[in-house]
DNA sequence: GTCTATACGACGATAGAC
DNA sequence: GTCTATCGTCGTATAGAC
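Chains as they are written, first to last, in my numbering: chain A, 95 to 290; chain B, 95 to 290.
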C-alpha cells in the first residue's frame with residue numbers, strides 16, 4: 095500500500111489540529127498518534143510547514159463547500175448572504191481548529207494554486223449575490239468586507255463563550271449573525287441600476 | 095532598588111508580546127532582553143502564566159482607557175457606540191500583540207479581580223449608551239454583542255491584510271467599521287420607552 | 001517506506017552559592 | 001535578589017540500517 099501513510103498522516107494531522115489548534119500542532123505528536131517513528135512523516139512532507147499548508151488548503155476547501163452549498167440552497171440575494179453569514183458561524187462552531195487555521199491562508203497563498211482557487215470561488219459566490227446590492231466593484235467589496243468581518247467576529251465571540259449562558263447555542267449565534275447581516279445589507283439598500 | 099526588576103520585566107514583557115504575540119512569548123527571551131539570568135524572573139513571577147496574566151490585565155486596562163475616553167468625547171448614544179467601534183479597530187492596529195492577548199482574558203478571569211473590574215467598566219460604558227436603543231437587558235446585550243463582534247471581526251480582517259490595497263489604511267478600516275456599526279444600530283431603531 | 005538512533009537546540013524551572 | 005549551573009522535557013530534522 096504505497097502512499098498509504100501519507101493520506102493517513104493528513105487525516106490524523108487534521109484531527110490533531112481540530113483538537114489543539116494549529117499553533118500547538120507538532121510533528122512529534124503526529125508521529126505518535128500515527129504509531130510511526132518521528133522520521134516517517136518526513137518521507138512524505140518536506141517539513142512541518144508543508145503539513146500545515148496542506149491542512150490550510152483542506153480547511154479552505156471545506157469552507158468553500160459549505161458556503162457555496164449554503165448560498166445555493168437559499169433564494170434571493172439577501173437570503174444567500176445571510177445564509178453565508180450563518181454558515182460561517184456554524185463552521186467555526188463545528189470546526190474550531192480548521193476555522194483558526196483559515197487566518198493563516200493569507201500568508202501562504204503564494205505557495206498553493208488550490209488555495210487561490212478555493213478562496214476565489216468563495217469570493218465569486220459572494221460577489222454574485224452582492225451584485226444585487228451594489229454594482230460598483232470597490233463599494234461592493236467593502237460591503238462584503240463588512241459582512242464577512244462581522245460574521246467572523248461574531249463567530250469568534252461565540253466560540254470564546256462571550257454569549258450569555260441562556261442563549262449560547264449555535265442556533266442563538268446564527269440568529270445574532272443573521273440580524274447583523276440583514277442590518278448591514280439593509281443599510282446599503284438596493285442598487286437600482288440592476289435589472290431584475 | 096528593591097522590586098525594580100519586576101516592573102522592568104513587565105515593561106519588557108509587554109514590548110516582547112507587542113512584537114511577537116502572546117504565543118511566541120518565552121521566558122528565555124524575556125530574560126535575555128532584560129539582561130538578567132534565566133532564573134531571575136522566577137523570583138518575581140511564579141511561572142510563565144503569571145507573567146502573561148499580568149499582561150492580559152494591562153491589555154484590558156489599556157482598552158478600557160481608550161474605549162471609555164473615546165465614548166466620553168463623543169456626543170449622543172449613536173456617536174458614542176460608533177466611537178467605540180472605531181476605537182476597537184484602532185487599538186488592534188496600534189497594539190496587535192495586546193489585542194491578540196485580549197482573547198485570553200475569558201480563560202483567566204477567575205484569577206484577577208482587576209480583570210473583572212476593567213471588563214466591567216467597559217461593559218458599563220457600552221450599556222449606558224445602548225440604553226438609548228433598548229431598555230430590555232437581554233436584548234440590549236445581544237445588540238452590543240453584534241456591535242462588538244462586528245468591530246472585532248473587521249479589526250481582524252484589517253489586521254490580516256484583507257482590505258484592498260488602495261484602501262488599507264487605519265482610517266479606511268475605521269470608516270468601514272463605522273458604517274457597519276451605524277447599520278447595526280439603525281436596525282434596532284430607538285427604544286420609545288426611553289424619555290428625553 | 002519505515003525503522004532506530006542521534007544531533008541539536010529551545011524552553012521551563014530549580015538548586016545552591018554569593 | 002541575582003547569579004551560575006544544571007536538569008528534564010520536548011521539538012525538528014537527519015543519517016544510515018533494513
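For every residue, glycine included, the Cβ atom is placed at its ideal position computed from N, Cα and C. Predicted model, so just to flag it, every value in this text is computed and none were measured.
| query | Who are the Cβ neighbours of residue 153/A in its own chain at under 6 angstroms, not counting the five residues just before and after it? | reply | 192, 195, 196
| From which residue to which residue does the alpha helix (DSSP H) around residue 251/A run? | 231–253
| What residues in its chain sit with their C-beta under 8 angstroms from that of residue 274/B, if we drop five residues either side in the sequence? | 179, 244, 245, 248
| task | On a CA-only basis, which of 229/B, 198/B, 102/B, 177/B is nearest residue 147/B? Give me that one, please. | result | 198/B
| is_contact[residue 157/B, chain A] using C-beta, thresh 8 angstroms | no
| request: Could you check if residue 113/A is buried or exposed, using at least 16 other CB atoms within 10 Å of its CB as the buried criterion? | output: exposed
| query | Is any beta-carbon of chain B found at less than 8 angstroms from that of residue 102/A? | reply | no
| message | Just verifying my parser: in three-state terms, what is the DSSP assignment at residue 169/B? | response | coil
| task | Taking C-beta pairs closer than 8 angstroms, name the residues in chain A that residue 105/B reaches, listed in chain order. | result | Per Cβ cutoff of 8 angstroms: no residues; residue 105/B is ~26 angstroms from chain A at best.
| Every unbroken beta strand (DSSP E) within the stretch 103–153 of chain A, with a cutoff of 3 residues, ordered by chain | none
| Below-8 angstroms beta-carbon distance, residue 116/B vs any chain A residue | no
| request: Quick one: which residues of the stretch 218–236 of chain B get their C-beta closer than 9 angstroms to a C-beta of chain A? List them in chain order. | output: 232, 235, 236
| Same chain, Cβ closer than 7 angstroms to residue 108/A, five either side skipped, listed in chain order | 149, 152
| task | Indicate the three-state DSSP secondary structure (helix, strand or coil) for residue 161/A in the structure shown. | result | helix
| field | Terminal residues of the alpha helix (DSSP H) in which residue 265/B lies | value | 264–282
| task | Spell out whether any CB of chain A is found under 8 angstroms from the CB atom of residue 254/B. | result | yes
| N- and C-terminal bounds of the alpha helix (DSSP H) containing residue 212/A | 207–224
| Cβ neighbour criterion (16 or more within 10 Å) applied to residue 207/A | exposed
| request: Could you tell me whether the Cβ of residue 276/B comes closer than 8 angstroms to any Cβ of chain A? | output: yes
| CB contact flag (residue 160/B, residue 185/B, <8 angstroms) | yes
| With residue 116/A and residue 124/A assumed to form a contact (beta carbons below 8 angstroms), what rounded beta-carbon distance in angstroms separates them? | Contact doesn't hold; Cβ gap of about 13 angstroms is too wide.
| Taking the C-alpha atoms as reference points, what is the distance between residue 226/B and residue 234/B? | 10 angstroms
| query | Taking 8 angstroms as the CB-CB cut-off, is residue 210/B touching chain A? | reply | no
| task | Determine the closest residue to residue 99/B out of 111/B, 127/B, 120/B, with distance taken between C-alpha atoms. | result | 127/B
| request: Name, please, each residue of chain A whose Cβ falls closer than 9 angstroms to the Cβ of residue 343/B. | output: Not covered by the structure: residue 343/B. The range shown for chain B is 95 to 290.
| request: Between the Cα of residue 278/A and those of 242/A, 188/A, 232/A, 257/A, spot the shortest distance and give me the residue it belongs to. | output: 242/A
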